[in-house]
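Numbering (my numbering), first residue to last: 31 to 130.
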């Protein structure tokens, strides 16, 4: 079964409130097996446009990635981010190595 990923591009507008969100999202991410692969860090934009911060979170499978986002626990954490950042988040199914 292919893994699931959250790919998030973020522009933090209020670092203090964003830190509150970061602390609150840990429990729901752990509950659904989420692991950070990228959490900020240096980035170079070579094509197109991008927000200043990129985060990639890996989940055991695509269904877990979707379930985490929809969970009441994550939605409560997400509400804390509303006044702290602008973001784009996509949930993606990983490549299993098989051709469609």
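Glycine included, C-beta positions come from ideal geometry on N, C-alpha and C.
{"Query": "Buried or exposed (CB count within 10 angstroms, at least 16 for buried), residue 120", "Result": "exposed"}
{"Query": "Completely contained beta strand (DSSP E) runs for the region 34–96, where each covers 3 or more residues", "Result": "34–42, 65–69, 83–89"}
{"Query": "Reduced DSSP category for residue 128 - H, G, I as helix; E, B as strand; rest coil", "Result": "coil"}
{"Query": "Spatial neighbours of residue 59 in its chain, beta-carbon cut-off 7 Å, leaving aside the 5 residues before and after", "Result": "87, 98"}
{"Query": "Beta-carbon contacts of residue 95 that lie in its chain and below 7 Å, excluding the five residues immediately before and after", "Result": "34, 35, 36, 89, 121"}
{"Query": "Spatially closest choice to residue 67 from 38, 93, 85, by CA coordinates", "Result": "85"}
{"Query": "Own chain partners of residue 51 with C-beta closer than 8 Å, once the 5 adjacent residues on each side are dropped", "Result": "107, 108, 110, 111, 114, 115"}
{"Query": "Neighbourhood of residue 63 by C-beta, 6 Å cutoff - its chain only, sequence neighbours within 5 removed", "Result": "89, 90, 94"}
{"Query": "Burial state of residue 125 (16 or more Cβ within 10 Å)", "Result": "exposed"}
{"Query": "Residues bridged to residue 123 [DSSP beta-bridge criterion]", "Result": "34"}
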